[in-house]
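All remarks here apply to the structure that follows.
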Amino acid sequence: PFNDTIYSFFNNRLKIRYTIDYSGKNIEDKIYSKNYNDVSEFITELKKHNYAYGVSSFLETDTNIFLSFSYKKRHYALYDKINKNSIVFNEIIDDINFASIKLDITFRDFNIYINNGCLIYFIQPKFIIENKDKIISKDLQIIASTLNEDDNYILSIAKLKWNHQLNEYQRINRSKKLN
970 PFNDTIYSFF NNRLKIRYTI DYSGKNIEDK IYSKNYNDVS EFITELKKHN YAYGVSSFLE
1030 TDTNIFLSFS YKKRHYALYD KINKNSIVFN EIIDDINFAS IKLDITFRDF NIYINNGCLI
1090 YFIQPKFIIE NKDKIISKDL QIIASTLNED DNYILSIAKL KWNHQLNEYQ RINRSKKLN
């Protein structure tokens, strides 16, 4: 996860698919050549130099690439493969289901998938219950009214659309309780 290279495996061969340019914040080769006692010592060295590193999620569709990485804190990047535009941001706000609640999409609390240009993620019932007072979606309010902590996860589908005039992504979101 410290490398800036994304590989693909096809026909029993490993091939470089993408190399991530962190705009001058990539880890320099000299950092890799030093001897470290453990991983935490290596990470401390990275933080001293303000390097970007740690692609912890990488999702690709025909039109977009979504990834997360560390640079002082968790960041996300969304790349439009058609128009060759990218945006980097450090938070994802669900303002359709909640009153501007931040989602920590790091595969710990949320499982993420991308399919047909949609960002699909599962929300734990505990998260919904803990944030019940912040729900603004009528559909999610109905789901939350009968939700128990040990119920199945809530499926949320967010369609990301590039708005070239506003230079921002707009999200259309639908949530559904899985039975």
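Just so you know, we're using my numbering here: the sequence shown kicks off at 970 and counts up by one.
Note that the Cβ used here is the ideal one computed from N, Cα and C, for glycine as well.
C-alpha of I1062 to C-alpha of A1068: approximately 9 angstroms in a straight line. For E1029, the enclosing beta strand (DSSP E) stretches over residues Y1022 to E1029. With fewer than three CB-CB distances shorter than 8 angstroms, the stretch 1021–1040 does not count as touching the stretch 997–1011. Note that the stretch 1087–1105 does not touch the stretch 1051–1058; fewer than 3 beta-carbon pairs, one per stretch, sit closer than 8 angstroms.
Distance from the Cα of L1088 is smallest, within the candidate group K999, S992 and L1028, for L1028. I996 has its alpha-carbon roughly 18 angstroms from the corresponding atom of Y1045.
Residue ranges of uninterrupted alpha helix (DSSP H) with 4 or more members, entirely inside the stretch 976–1049 and ordered along the chain, are 998–1002 and 1008–1017.
Residue environment analysis places I1112 among the buried positions, since at least 16 neighbouring C-beta atoms fall within 10 angstroms of its C-beta.
F978 counts as exposed, since fewer than 16 other beta carbons sit within 10 angstroms of its beta carbon. Minimum Cα-Cα distance from D1120 among the listed residues I1092, K1103, K1107 and I1105 corresponds to I1092.
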